[in-house]
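Undergrad: Take a look at this one; I'll ask things after.
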Amino acid sequence: MNHLLIMLPILIPLYGAILSLFFWRSVRAQQVIGILAQVCLLIASFMLLFDINENGIRTTQVGSWPAPFGITLVADLFSAMIVITGSITGMAVYLFSIKGLDKARQTFGYYPVLLVLQLGVSGACLTGDLFNLFVWFEVLLICCFVLIALGGTKPQLEGAIKYVTINFLATNFLLVGIGVVYGTLGSLNLAELAVLVRTPAAHPALINMAGMFFLIAFGIKAAIFPLFFWLPASYHTPPIAISAFIAGIITKVGMYALIRLFTLVFVTDQDLTIPLFTVLAGFTMVIGVLGAASQNDFRKILSFHIVSQIGYMLMGLALFTPLAIAGSIYFIIHNIMVKTNLFLISGVVAHRHGTFALKKLGGLYLQQPLLSVLFFISAFSLAGIPPFSGFWGKFMLAKAGFEIDSFVIVLVSLAVSLMTIFSMTKIWNEVFWKKKPVVDPLLEVMTEQEQRHNRLLHLPVVIMTVFILFIGLYAEPVVAMAQLAAEQLLNSELYINAVLKR
-15 MNHLLIMLPI LIPLYGAILS LFFWRSVRAQ QVIGILAQVC LLIASFMLLF DINENGIRTT
45 QVGSWPAPFG ITLVADLFSA MIVITGSITG MAVYLFSIKG LDKARQTFGY YPVLLVLQLG
105 VSGACLTGDL FNLFVWFEVL LICCFVLIAL GGTKPQLEGA IKYVTINFLA TNFLLVGIGV
165 VYGTLGSLNL AELAVLVRTP AAHPALINMA GMFFLIAFGI KAAIFPLFFW LPASYHTPPI
225 AISAFIAGII TKVGMYALIR LFTLVFVTDQ DLTIPLFTVL AGFTMVIGVL GAASQNDFRK
285 ILSFHIVSQI GYMLMGLALF TPLAIAGSIY FIIHNIMVKT NLFLISGVVA HRHGTFALKK
345 LGGLYLQQPL LSVLFFISAF SLAGIPPFSG FWGKFMLAKA GFEIDSFVIV LVSLAVSLMT
405 IFSMTKIWNE VFWKKKPVVD PLLEVMTEQE QRHNRLLHLP VVIMTVFILF IGLYAEPVVA
465 MAQLAAEQLL NSELYINAVL KR
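Quick note: the sequence shown uses this note's numbering, first residue -15, plus one each step.
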């Protein structure tokens, strides 16, 4: 039963995608299969999390080949928390897609591809070896390329080409890093690598070089400075139903890989990596928030803020204390939910008013008061205003920084939070508060069918907002679990013993 629990987050989207292919001509059937798969995936993810919290790290060997020779799947609190958060956002995006995505795109395999994308997220978080980590990231790359290009509009194709080109470069760096690790240590199993790098026979210079290849590869995928420029050029081009999920989860999976590798394997020369991560975190936060402040398009502002928020996650890895790592984990969970929800809110606005341009919008506070409240909660959460979820993640990171006298990076993070408030206030003033510049009477009155569609679009936003409020107003259990996850990450023996059965 325990082995099955680890496999379910992979098997459920896989079988859901395969089953959807048998109903290729029926979008309705694909929707039903997709929703059922989302429900099952959400339940399985919660069961896995509770099991790990109760019994510790869980492992299984695909094909019964013993580690380190076979394909190992490992589930600890960190990976389970990412999987469950991805399941929640996947459910919301699926519900939004039913009315928020045009039928033409739904007809061309949108639902099976989105399920395969979730399969890739689960696989990347649960894999226990470097080669399969590469395989799962290739699954993510292919699915993201298909979804960004789905529809074939000129902006989409331009964004898809930029996305796949730079990520193909990241793939090459990843393969080179894997080759150096295997050539140096003779293994790709993460648990065995964690043992080998700590032996006197290890080659520190080659291991450090491999670590830099992995940093570049996953730095591109996570959109870390200066490797972020592809993200704001591509994430705003597809429909919101597509960009919401990609923006919410994919870069965070890249951060997951960085945190996993640089707490388990590449830990032998922290005099090099920690100062480097500190500099990269600071520049990522600052450049991202300045880019957001310069934009006047709802989606582009949110896209640049993805970059900025990645800096906070990297900050925890740079500080490298239990509290800092816990802060990064909590911040990843918070940001996946908040960023997805803000993209969905922008989609509701565009669906009703036909544009993302701030200058053309206005008056939504009176027209759509519920949506205004939902945006207000998500925006304040992103900015880190207490008692919302973003505050607790930033508080943990700032406290961890002050405890080890890393004052500069903490001050940078606080300044970036103020700039984030500026960007969110800018959206609030332009979209919700000011009067609409040009009023089209035909758009001001909704038919009964349009009102029903509008309510359905609000449903996933409300669901996501409930989860955001929960992890903010009732943060203690989530913070406690993030701290336990950080302890597991920093105590490598727990991971090694669980996989190698020592």
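We treat Cβ as the ideally placed atom computed from N, Cα and C, and that holds for glycine.
Since the model is a prediction, treat every value here as computed from it, not as a measurement.
Just to confirm, are residue 286 and residue 326 a CB contact at a threshold of 8 angstroms?
TA: Yes, these two residues count as a Cβ contact at 8 angstroms.
Undergrad: Closer than 7 angstroms by C-beta to residue 234: which residues in its own chain qualify, once you throw out the five before and the five after it? Chain order, please.
TA: Hits under 7 angstroms: 124, 128.
Undergrad: Between 114, 86, 451, 120, which lies nearest to residue 101 when the distance is taken from Cα to Cα?
TA: With distances taken between Cα atoms, residue 101 lies closest to 120.
Undergrad: What residue ranges within the region 427 to 478 form continuous alpha helix (DSSP H) runs of no fewer than 4 residues, ordered along the chain?
TA: Listed in chain order, the complete alpha helix (DSSP H) runs (minimum 4 residues) inside the region 427 to 478 are 432 to 457, 460 to 474.
Undergrad: Assuming contact is defined by CB atoms lying nearer than 8 angstroms, are residue 331 and residue 295 in contact in what I supplied?
TA: It is not a contact, given that the beta carbons lie outside the stated cut-off.
Undergrad: What residue ranges within the region 177 to 221 form continuous alpha helix (DSSP H) runs of no fewer than 4 residues, ordered along the chain?
TA: Segments of the alpha helix (DSSP H) lying fully in the region 177 to 221: 188 to 206, 214 to 218.
Undergrad: Start and end of the beta strand (DSSP E) containing residue 55?
TA: Looking at the DSSP string, the run of the beta strand (DSSP E) that includes residue 55 is 55 to 59.
Undergrad: Per DSSP, which one or two residues make a beta bridge with residue 270?
TA: Paired residue(s): none; residue 270 is not in a bridge.
Undergrad: What's the gap between the Cα of residue 348 and the Cα of residue 417?
TA: Spanning the two alpha carbons is a distance of roughly 7 angstroms.
Undergrad: Are residue 95 and residue 14 touching if we call contact CB-CB under 8 angstroms?
TA: Yes; because the gap between Cβ atoms is below 8 angstroms, this pair is in contact.
Undergrad: By Cβ distance, which residues of its chain are closer than 7 angstroms to residue 375, with the 5 residues on each side in sequence left out?
TA: Hits under 7 angstroms: 368, 369.
Undergrad: State the beta-bridge partners of residue 88 as determined by DSSP.
TA: According to DSSP, which records beta bridges pairwise, residue 88 is partnered with nothing at all.
Undergrad: Does DSSP put residue 46 in a helix, in a strand, or in coil?
TA: Here residue 46 sits in strand by DSSP.
Undergrad: If I measure Cβ to Cβ from residue 44 and keep anything under 6 angstroms in the same chain, skipping five residues before and after, which residues do I get?
TA: The answer, listed in chain order, is -13, -10, 57.
Undergrad: From residue 134 to residue 383, what does the alpha carbon distance come to, in whole angstroms?
TA: Those two C-alpha atoms are separated by around 44 angstroms.
Undergrad: Decide if residue 209 is buried, meaning its Cβ has at least 16 other Cβ atoms within 10 Å, or exposed.
TA: So residue 209 ends up on the buried side.
Undergrad: How far does the alpha helix (DSSP H) with residue 302 in it extend, from its first residue to its last?
TA: Unbroken alpha helix (DSSP H) run through residue 302: 282 to 303.
Undergrad: By DSSP's criteria, residue 504 is part of a beta bridge. Which residues make up the other side?
TA: Because the chain in this structure spans residues -15 to 486, residue 504 falls outside the shown range and cannot be described.
Undergrad: Answer with buried or exposed for residue 173, where buried requires no fewer than 16 other C-beta atoms within 10 angstroms of its C-beta.
TA: When all chains shown are included, residue 173 counts as buried.
Undergrad: Is residue 389 helix, strand or coil when you go by DSSP?
TA: Three-state result, residue 389: coil.
Undergrad: Kindly indicate which three-state DSSP category residue 51 falls into: helix, strand or coil?
TA: Note: residue 51 maps to coil in three-state DSSP.
Undergrad: What is the rounded straight-line gap between the Cα of residue 27 and the Cα of residue 238?
TA: Distance between the alpha carbons of residue 27 and residue 238: 25 angstroms.
Undergrad: Our contact map puts residue 328 next to residue 448 with C-beta atoms below 8 angstroms; I'd like the distance itself, whole angstroms only.
TA: Right, their Cβ atoms sit about 7 angstroms apart.
Undergrad: Give the DSSP-derived three-state secondary structure of residue 492 in the structure shown.
TA: The question about residue 492 has no answer here: the residues shown for the chain are numbered -15 through 486.
Undergrad: So residue 202 packs on residue 175, CB below 8 angstroms; how close in whole Å?
TA: With 8 angstroms as the limit, residue 202 and residue 175 do not qualify as a contact, their Cβ atoms being about 19 angstroms apart.
Undergrad: Quick check: residue 107 and residue -6, are their CB atoms within less than 8 angstroms of each other?
TA: Going by C-beta atoms, residue 107 is nearer than 8 angstroms to residue -6.
Undergrad: Quick one: Cα of residue 164 to Cα of residue 361, how far?
TA: Taking the straight line joining both Cα atoms gives about 46 angstroms.
Undergrad: Are there 16 or more other CB atoms within 10 angstroms of the CB of residue 407, so buried, or fewer, so exposed?
TA: Flag for residue 407 reads buried.
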